[in-house]
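Using the numbering used here, read the sequence shown as starting at 105 and increasing by one per residue. The block underneath contains the structure these notes are about, expressed in structure tokens.
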Amino acid sequence: MTLETLAKDIAASAEADAKAIIDEAKAEAKQIIDEAKDKASSITNEANLRADREVSQISREVVASARQANQKAILIAKREAMDSTHAAVKEQLADPGFKGRASMLKSLMSKANKLASSDFIIRPVEVDKKALSDLKGKRKVGESVDGLGGFILEAADGSVSYDMRFDTLLDTAWGQSLSEVNSILFE
105 MTLETLAKDI AASAEADAKA IIDEAKAEAK QIIDEAKDKA SSITNEANLR ADREVSQISR
165 EVVASARQAN QKAILIAKRE AMDSTHAAVK EQLADPGFKG RASMLKSLMS KANKLASSDF
225 IIRPVEVDKK ALSDLKGKRK VGESVDGLGG FILEAADGSV SYDMRFDTLL DTAWGQSLSE
285 VNSILFE
């Protein structure tokens, strides 16, 4: 064997070893890349699942919040309608030209006659002072009181009184009829 042949054999052997090392390195690199791709895919899938769950949760929360806001708006609107209805009734009762005023005063005076003796004093709301002076019978008419109409029937010594003012009667009737008024307005 000549030196040249020996050098070719060594070069061929070195080249074969280098090719084997390169092939092994390429195979190992491919395996690492494949594992990295699998891991990246797994991470991506987990992130997508987590994101989907979060989106679903946020969606439920947004819908619930919107429903709650809608319910609140409806309740506020209903309350405003109830308040304006109550105010309209008060306005009608406060009107001195209200058609049912005289009959209401007669009815209240009749009730007063059943509740108390003639020594009770009538303290009228100013707007009804004249009408009540005509209906008072043997009773005295005292100082005026604030209100939409009607009167307060008071014992001479001030120990007992019956509030027969329109606003007091309205507030009592309103409280007792609130669910019925609600049904009429909103169902």
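The beta carbon of each residue, even a glycine, is placed where N, CA and C say it ideally should be.
Check, Outcome
"Buried/exposed call for Asp223, threshold 16 Cβ in 10 Å", "exposed"
"Simplified DSSP assignment, three categories, for Asp261", "coil"
"Limits of the unbroken alpha helix (DSSP H) element including Arg171", "107-198"
"Assigned exposure category for Ile126 - 16 Cβ within 10 Å defines buried", "exposed"
"Segment limits, beta strand (DSSP E) that includes Arg227", "225-228"
"Candidates Leu110, Thr148, Ile137, Gln196, of which the one nearest Leu274 by Cα", "Gln196"
"Under 8 Å between C-beta atoms of Leu257 and Ser265", "yes"
"Helix, strand or coil at Arg205 according to DSSP, with G and I counted as helix", "helix"
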